[in-house]
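In the working numbering, the protein residues as written are 42 to 127.
A virtual CB, placed ideally from N, CA and C, is assigned to each residue, including glycine.
Only a predicted model underlies this, so the values are computations on that prediction, with no experimental measurement involved.
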């Protein structure tokens with residue numbers, strides 16, 4: 042049972058590391074789209090609070106995409122340990 046849990050954990054780490062650029066890219070692209078959407082909402086006379094919420098969501102997505110980089114880098118396959126011998 043422990044072997045299966047260890048295997049699943051290692052597979053999850055490798056998948057997270059493999060999709061690190063995709064996670065970063067999507068966070069930045071979606072954040073930018075939210076920023077553009079919030080700016081357009083405000084510029085076209087839409088509700089101010091809606092525009093501010095959309096702008097805040099865009100900033101949050103970009104911050105999260107950048108902040109997740111060290112976490113995802115720490116999960117690199119080189120950081121995986123083989124516990125089968127211990």
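Would you report the Cα separation of residue i and residue j, rounded to the nearest angstrom?
{"i": "residue 111", "j": "residue 62", "result": "12 Å"}
{"i": "residue 96", "j": "residue 51", "result": "37 Å"}
{"i": "residue 82", "j": "residue 94", "result": "11 Å"}
{"i": "residue 58", "j": "residue 89", "result": "39 Å"}
{"i": "residue 45", "j": "residue 64", "result": "27 Å"}
{"i": "residue 76", "j": "residue 109", "result": "20 Å"}
{"i": "residue 126", "j": "residue 101", "result": "Note that residue 126 scores a pLDDT of 47, beneath 50, so its modelled location is shaky; the value from the coordinates is reported in the next line. Rounded to the nearest angstrom, the two C-alpha atoms are 43 Å apart."}
{"i": "residue 48", "j": "residue 56", "result": "12 Å"}
{"i": "residue 106", "j": "residue 42", "result": "35 Å"}
Could you give the residue range of the alpha helix (DSSP H) that holds residue i?
{"i": "residue 78", "result": "61-84"}
Are the beta-carbon atoms of residue i and residue j separated by less than 9 Å?
{"i": "residue 99", "j": "residue 71", "result": "yes"}
{"i": "residue 104", "j": "residue 73", "result": "no"}
Should residue i be labelled buried (16 or more other beta-carbon atoms within 10 Å of its own) or exposed?
{"i": "residue 79", "result": "buried"}
{"i": "residue 68", "result": "buried"}
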